[in-house]
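Quick notes on the structure that follows.
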Amino acid sequence: MKRSIKIVNVVKRVSIVFILSSVLFGCSAHSPMIIQDTTDAHIISEIKYPSHQNKVFLTEQALPANAEFEVIADIQVGKIWYGSSDSVYESIATKARELGADAVVEVRTWTQPSGFSWAAPHGSGKAVKLKDQNIIAQMDGEMK
Numbered sequence: 001m002k003r004s005i006k007i008v009n010v011v012k013r014v015s016i017v018f019i020l021s022s023v024l025f026g027c028s029a030h031s032p033m034i035i036q037d038t039t040d041a042h043i044i045s046e047i048k049y050p051s052h053q054n055k056v057f058l059t060e061q062a063l064p065a066n067a068e069f070e071v072i073a074d075i076q077v078g079k080i081w082y083g084s085s086d087s088v089y090e091s092i093a094t095k096a097r098e099l100g101a102d103a104v105v106e107v108r109t110w111t112q113p114s115g116f117s118w119a120a121p122h123g124s125g126k127a128v129k130l131k132d133q134n135i136i137a138q139m140d141g142e143m144k
């Protein structure tokens, strides 16, 4: 009787740890537990900009010190299957357009275990609204 109670308690504890881990880590785009491609945005701006269909500038660089801009959100992308960073760039650009951003700066891509693969592409970047669009002419990057 005591042994079966101990087993039940251990099973309860393991279940609680599993559920809490799933809740804490399963919601992140960079969680190895995601089961579908995920794009998250942590909204920073208090202003909600209208979405658009224009191309968005993506760059690994930070904006120059003299640039006037507002950070709208931090974007996080996680894929569940093998692929290239191009799919991450497309997902970042799509989310940036939804947020009304002109550019995404400090874009990073990498691979990590995720979903159903050992090396799925992931990425992140900061969606920004530029006061002067001419600033991107001085930067390396691409329009998506």
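Per this note's numbering, the very first residue in the sequence shown carries number 1; after that it's consecutive. A virtual CB, placed ideally from N, CA and C, is assigned to each residue, including glycine.
- Note that the C-beta distance between Glu70 and Ser31 is not below 7 Å.
- The three-state secondary structure of Glu68, taken from DSSP, is coil.
- Cα atoms of Val128 and Phe116: separation of roughly 32 Å, rounded to the nearest angstrom.
- Secondary structure note for Val107: it is in no alpha helix (DSSP H), and the uninterrupted beta strand (DSSP E) holding it is 103-114.
- DSSP places Lys79 in no alpha helix (DSSP H); its state is neither H nor E.
- In terms of CA proximity to Gly100, Ile75 leads the group Ser114, Ile75, Val107, Met139.
- Boundaries cannot be given for Ala137, as no beta strand (DSSP E) includes it and DSSP labels it neither H nor E.
- Between Ser51 and Glu98 the beta-carbon gap is near 5 Å, inside 8 Å, which marks them as a contact.
- Selection His42, Ser28, Pro121 evaluated against Lys95 yields His42 as nearest (Cα-Cα).
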